[in-house]
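J.: Can you keep this structure in mind? I'll have questions shortly.
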Amino acid sequence: MVNVDRGGVVLAVLLSIGPIAVLAHGLLNAGSIFTGLLMIGATAALYLLGEWRSFSFGVCDAAFALLVFCIVLSFGVHGIGPDRKEFYLLVLSLAAYPAARAIPGGLLSRGFILTTGAIVAAGTGATAVALAAQWTHPHGKPFVFGYFDAAPAQFTFVMGFLVIALACFATTAKRALIISSVIALPAVIFATSMVRFAFVAILAGLAVCALVAPRKERKFVVIIICVIVSCVAAGNLARSGTSAIFLYYAGVVSTPPGTDALGPYTKQPAELAPASQWQCKGIDQSDSIAIRKHLYSEAFSALVVAGLSGNGFDSFIRQSCTGASVHNSVLQTAIEFGWIAGAVFLALVTLSWVLMWGAAKSDPEARFILAGLTFVMAMSMVHGRISQDGPLFLFLGCAVARLSAERKVEVEKQPVAGQCLVTK
Numbered sequence: 018m019v020n021v022d023r024g025g026v027v028l029a030v031l032l033s034i035g036p037i038a039v040l041a042h043g044l045l046n047a048g049s050i051f052t053g054l055l056m057i058g059a060t061a062a063l064y065l066l067g068e069w070r071s072f073s074f075g076v077c078d079a080a081f082a083l084l085v086f087c088i089v090l091s092f093g094v095h096g097i098g099p100d101r102k103e104f105y106l107l108v109l110s111l112a113a114y115p116a117a118r119a120i121p122g123g124l125l126s127r128g129f130i131l132t133t134g135a136i137v138a139a140g141t142g143a144t145a146v147a148l149a150a151q152w153t154h155p156h157g158k159p160f161v162f163g164y165f166d167a168a169p170a171q172f173t174f175v176m177g178f179l180v181i182a183l184a185c186f187a188t189t190a191k192r193a194l195i196i197s198s199v200i201a202l203p204a205v206i207f208a209t210s211m212v213r214f215a216f217v218a219i220l221a222g223l224a225v226c227a228l229v230a231p232r233k234e235r236k237f238v239v240i241i242i243c244v245i246v247s248c249v250a251a252g253n254l255a256r257s258g259t260s261a262i263f264l265y266y267a268g269v270v271s272t273p274p275g276t277d278a279l280g281p282y283t284k285q286p287a288e289l290a291p292a293s294q295w296q297c298k299g300i301d302q303s304d305s306i307a308i309r310k311h312l313y314s315e316a317f318s319a320l321v322v323a324g325l326s327g328n329g330f331d332s333f334i335r336q337s338c339t340g341a342s343v344h345n346s347v348l349q350t351a352i353e354f355g356w357i358a359g360a361v362f363l364a365l366v367t368l369s370w371v372l373m374w375g376a377a378k379s380d381p382e383a384r385f386i387l388a389g390l391t392f393v394m395a396m397s398m399v400h401g402r403i404s405q406d407g408p409l410f411l412f413l414g415c416a417v418a419r420l421s422a423e424r425k426v427e428v429e430k431q432p433v434a435g436q437c438l439v440t441k
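Per this note's numbering, the very first residue in the sequence shown carries number 18; after that it's consecutive.
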C-alpha cells in the first residue's frame with residue numbers, strides 16, 4: 018500500500034511522545050529525563066532526514082520566522098517565565114516546524130502505520146485494564162497505571178492519526194471494512210473512558226479527508242466515520258450513568274443525574290490547580306464546561322491589555338483563578354506573546370491549510386497531511402498549549418514542505434525561456 022520510510026517512523030514517534038511517556042513510566046518506571054531525550058532525539062533525527070539542499074524559503078516560512086521573533090521579543094521584555102521545563106518544551110515544539118520543513122514526502126508509510134498501531138494497541142490494553150478495575154469509580158476517567166487519567170485521551174490522539182492515515186487509502190469497501198474492524202475496539206474502550214473532544218476532532222479530520230478524496234472513494238471514508246460514531250455511542254451507553262454526568266455538565270440534558278448516578282463525583286482535571294488553591298467563586302470544579310466558559314472570559318479580558326509584547330509566557334496560568342492554561346493556542350499566543358504573534362500564528366495555520374486543500378485532491382499523502390493538520394488544529398483550538406503543540410508545528414512544517422516540493426516540480430516542468438522546442 019505504501020513504502021516503509023524512516024521519516025514516517027520518526028514522525029509517528031514525535032506525534033506519540035505523550036502516550037510513549039505514559040507507557041514507559043507505567044511499565045518501566047521511566048521519568049521525565051527519558052521523555053525529554055526521546056523528544057530531542059526524534060526531532061534531531063527528523064532534521065537529519067531532511068533534504069536541505071532543495072530547501073527554498075517561502076511566505077509561510079517568513080510567517081513562522083516572524084512568530085519566533087515575536088516570541089523572542091516577549092522573552093526579552095518579560096523573561097522566559099517561572100517554569101523552565103515549559104520553556105524547554107516550547108523550544109522543542111517550535112523546533113518541530115523546521116525539522117519537518119525539509120521532508121517533502123514519504124511520511125505516510127508502513128513504518129508510520131505500524132508504529133502508531135503498536136502504540137494504540139498497547140494503550141488500548143493498558144486502558145482496558147484500568148477501566149475494568151475502575152468501572153464505577155466516581156472520577157469517570159480511569160487512571161491508567163494508577164496515575165494518568167489523561168492517558169486515554171492521549172492514546173485516542175494517536176489513534177486519530179492512525180485512522181486518518183488508513184482512511185486516506187480506503188479506496189475499496191473491503192479495505193474500509195478492514196480498517197473499521199481494526200479501530201472498533203480501541204474506539205469503544207477510549208469512548209467508554211469518557212474521552213470526548215478528541216473524537217470530534219478525529220471526525221473533523223475524516224470529514225476533510227472525505228471532501229477532498231476522489232468522488233468514488235468518499236463513501237469508503239464515510240463508512241469509517243459511521244463506525245467511529247457508532248463506537249462512541251456504544252462506549253457512552255456502556256457507562257450510561259457516568260455519561261449522564263458529562264452530558265449534564267455539557268448542557269446536552271437539562272435534568273441533573275440522580276444522586277445514585279452522580280455519587281461522590283469530584284472530578285478535577287489534571288491541568289487545574291489543586292482544590293486547596295482553587296480561587297474561582299461560584300464555579301463547580303467538576304463542571305468542565307463552566308470552567309471553559311470562565312477561562313474564555315478571562316482570556317478575552319487579558320487579550321485587551323496584551324499589547325505588542327504580550328503579558329509574558331505562562332502569565333495566564335498565574336493570573337487565572339483556575340490555575341489553568343487558556344486551552345487555545347492562538348489565544349494563548351496573542352495574550353502571552355502579543356497581538357502580532359497571535360495574528361501571525363493564525364495566518365500561518367490558515368494559509369497552510371488553505372494551500373494544502375488544492376494539493377490534497379490528487380494525492381493520498383497530501384490528503385493525509387491536510388486531514389492531520391485539521392485534526393491537530395481542532396485539538397489546539399480546544400485543548401492547546403503552545404509549549405505542547407509540537408504535533409501542530411510538525412504538520413505545519415510537513416504541509417509547507419509538501420507545497421514547496423510541488424512548486425519545484427511545476428517549475429522544472431516548465432520550458433526554459435528561449436528554449437527551442439523541436440518536434441518531429
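C-beta: ideal position from N, C-alpha, C; glycine also.
Need the endpoints of the alpha helix (DSSP H) that threonine 189 sits in, please.
T.: Here residue 189 corresponds to residue number 172 of the sequence shown, with the count starting at 1. Taken as a continuous stretch (DSSP letters only), threonine 189 belongs to no alpha helix (DSSP H), as it is neither H nor E.
J.: Can you check the segment 321–401 for any alpha helix (DSSP H) of at least 4 residues that lies completely inside it and give the ranges in chain order?
T.: 332–336, 346–354, 356–377 and 381–400
J.: With a threshold of 8 angstroms, are at least 3 pairs of Cβ atoms found where one atom belongs to the segment 87–100 and the other to the segment 43–57?
T.: No, the segment 87–100 does not touch the segment 43–57.
J.: Which residues in the same chain have their Cβ closer than 7 angstroms to the Cβ of leucine 325, if we skip the five residues on either side of it in sequence?
T.: Indexing the sequence shown from 1 puts residue 325 at position 308. Here the set comprises Gly355, Trp356 and Ile357.
J.: Start and end of the alpha helix (DSSP H) containing glutamate 103?
T.: Counting from 1 along the sequence shown, the entry for residue 103 is found at position 86. Residues 101–118.
J.: In this structure, what does DSSP give as the bridge partners for phenylalanine 165?
T.: The sequence position of residue 165 within the sequence shown is 148, counting from 1. Note: phenylalanine 165 sits in a beta bridge opposite Val161.
J.: Who are the near neighbours of proline 36 in its chain, counting only those whose CB is closer than 6 angstroms to its CB and skipping five residues on each side?
T.: For the purposes of this step, residue 36 is identified with residue 19 of the sequence shown, where counting begins at 1. Contacts found: Ile136, Gly140, Gln171, Phe172 and Val175.
J.: CB alanine 341 to CB alanine 351, shorter than 9 angstroms?
T.: As a first step, residue 341 is located in the sequence shown; it is residue number 324 there, counting from the start. As a first step, residue 351 is located in the sequence shown; it is residue number 334 there, counting from the start. Against a cut-off of 9 angstroms, the Cβ pair of alanine 351 and alanine 341 comes out as no contact.
J.: Examine the Cβ distances between the segment 219–229 and the segment 178–191 and report whether three or more of them are shorter than 8 angstroms.
T.: yes
J.: Ignore the nearest five residues each way along the sequence and tell me which others in glutamine 336's own chain have a CB closer than 7 angstroms to its CB.
T.: Translated into the one-based positions of the sequence shown, residue 336 becomes position 319. The answer, listed in chain order, is Ala319.
J.: CB-CB under 8 angstroms to asparagine 328, same chain, minus the five flanking residues each way: which ones, in chain order?
T.: Within the sequence shown, numbered from 1, the residue matching residue 328 stands at position 311. Around asparagine 328: His95, Ala319, Val322, Gln336, Ile352 and Glu353.
J.: Using 8 angstroms as the Cβ pair cut-off and three pairs as the minimum, do the segment 162–171 and the segment 55–72 touch?
T.: no
J.: In this structure, how does DSSP classify histidine 152 when only helix, strand and coil are distinguished?
T.: Taking the sequence shown and counting its residues from 1, the one referred to as residue 152 is at position 135. Before going further, note that residue 152 is tryptophan rather than histidine in the sequence given. The answer is coil: DSSP assigns tryptophan 152 none of H, G, I, E or B.
J.: Taking the alpha-carbon of glycine 25 as reference, which of Phe237, Val417, Phe385 and Gln405 has the nearest alpha-carbon?
T.: Start at 1 with the first residue of the sequence shown, and residue 25 comes out as number 8. Of Phe237, Val417, Phe385 and Gln405, the residue nearest in Cα terms is Phe385.
J.: Output needed for alanine 376: all residues of its chain with C-beta closer than 7 angstroms, excluding positions within five of it in sequence on either side, in chain order.
T.: Translated into positions along the sequence shown, residue 376 becomes position 359. Result list for alanine 376: Ala383, Arg419, Leu420 and Glu423, in chain order.
J.: Which residues in the same chain have their Cβ closer than 7 angstroms to the Cβ of leucine 106, if we skip the five residues on either side of it in sequence?
T.: The residue you call residue 106 lines up with position 89 of the sequence shown. Closer than 7 angstroms at the Cβ level, and outside the excluded window around leucine 106, lie Ser404 and Gln405.
J.: May I ask you to report which of helix, strand or coil DSSP gives leucine 409?
T.: As a working note, residue 409 is residue 392 in the sequence shown. In the structure shown, leucine 409 sits in a helix (DSSP, three-state: H, G or I).
J.: How is proline 36 classed by DSSP in three states: helix, strand or coil?
T.: Start at 1 with the first residue of the sequence shown, and residue 36 comes out as number 19. In this structure, proline 36 counts as helix in the three-state DSSP scheme.
J.: Should the segment 108–118 be called in touch with the segment 142–153, which here means at least 3 C-beta pairs below 8 angstroms?
T.: no
J.: Compute the beta-carbon to beta-carbon distance between valine 161 and alanine 138, rounded to the nearest angstrom, for a pair I have assumed lies under 8 angstroms.
T.: Here the question's residue 161 lines up with position 144 in the sequence shown. Here the question's residue 138 lines up with position 121 in the sequence shown. With a Cβ gap of about 14 angstroms, valine 161 and alanine 138 do not count as contacting.
J.: Which value, in whole angstroms, describes the spacing of the CA atoms of valine 30 and lysine 102?
T.: Sequence index remark: in the sequence shown, residue 30 carries index 13 (1-based). Sequence index remark: in the sequence shown, residue 102 carries index 85 (1-based). The straight-line gap from Cα to Cα measures roughly 20 angstroms.
J.: Given a threshold of 16 other Cβ atoms within 10 Å of its Cβ, counted over all protein chains shown, does phenylalanine 216 qualify as buried or as exposed?
T.: For the purposes of this step, residue 216 is identified with residue 199 of the sequence shown, where counting begins at 1. Buried, because 16 or more other Cβ atoms sit within 10 Å of the Cβ of phenylalanine 216.
J.: Can you list, in chain order, the residues of its chain with a C-beta nearer than 8 angstroms to that of aspartate 380? Leave out the 5 residues immediately preceding and following it.
T.: Translated into positions along the sequence shown, residue 380 becomes position 363. Correct list: empty, nothing qualifies.
J.: Using a 10 Å radius around the Cβ and a threshold of 16 neighbouring Cβ atoms, would you call proline 231 buried or exposed?
T.: Numbered from its first residue, the sequence shown carries residue 231 at position 214. Answer is exposed; the Cβ neighbour count stays below 16.
J.: Could you tell me if leucine 111 is buried or exposed, where buried requires 16 or more neighbouring beta carbons within 10 angstroms of its beta carbon?
T.: Looking up residue 111 in the sequence shown gives position 94. The residue in question, leucine 111, is buried, as its Cβ has 16 or more Cβ neighbours within 10 Å.
J.: Around the Cβ of phenylalanine 86, are there at least 16 other Cβ atoms within 10 angstroms (buried) or fewer (exposed)?
T.: Here residue 86 refers to the residue found at position 69 when the sequence shown is read from its first residue. Phenylalanine 86 should be labelled exposed.
J.: Quick check: the Cα distance between lysine 233 and glutamate 68, rounded to an integer number of angstroms?
T.: By 1-based counting over the sequence shown, the position of residue 233 is 216. By 1-based counting over the sequence shown, the position of residue 68 is 51. Glutamate 68 has its alpha-carbon roughly 35 angstroms from the corresponding atom of lysine 233.
J.: Would isoleucine 245 be called buried (16 or more neighbouring beta carbons within 10 Å of its own) or exposed?
T.: What you label residue 245 is simply residue 228 of the sequence shown in a count that begins at 1. Label assigned to isoleucine 245: buried.
J.: Can you tell me whether leucine 84 is buried or exposed, with buried defined as 16 or more other CB within 10 angstroms of its CB?
T.: Working through the sequence shown from its first residue, we reach residue 84 at position 67. Here leucine 84 is buried: its Cβ has 16 or more other Cβ atoms, across all protein chains shown, within 10 Å.
J.: In this structure, how does DSSP classify methionine 211 when only helix, strand and coil are distinguished?
T.: Within the sequence shown, residue 211 is the residue found at index 194, counting from 1. Residue state, collapsed to three classes: coil.
J.: Compare the beta carbon distance of glycine 252 and alanine 208 with 9 angstroms and say whether it is the shorter of the two.
T.: For the purposes of this step, residue 252 is taken as residue 235 along the sequence shown, with counting starting at 1. For the purposes of this step, residue 208 is taken as residue 191 along the sequence shown, with counting starting at 1. Yes, the Cβ-Cβ distance between glycine 252 and alanine 208 is below 9 angstroms.
J.: With distance defined between alpha-carbon atoms, name the residue in Met398, Val199 and Cys77 nearest to isoleucine 130.
T.: By one-based count along the sequence shown, residue 130 stands at place 113. Taking only the C-alpha atoms, the option nearest isoleucine 130 is Val199.
J.: Excluding sequence positions up to five away, which residues of its chain have a Cβ less than 6 angstroms from the Cβ of proline 159?
T.: Translated into the one-based positions of the sequence shown, residue 159 becomes position 142. For proline 159, where only same-chain residues beyond five positions count, the Cβ hits under 6 angstroms are Ala147, Leu148, Gln151 and Ser210.
J.: Out of curiosity, what's the CA-to-CA distance linking alanine 255 and methionine 398?
T.: The count along the sequence shown starts at 1 and reaches residue 255 at position 238. The count along the sequence shown starts at 1 and reaches residue 398 at position 381. Going from the Cα of alanine 255 to the Cα of methionine 398 covers about 29 angstroms.
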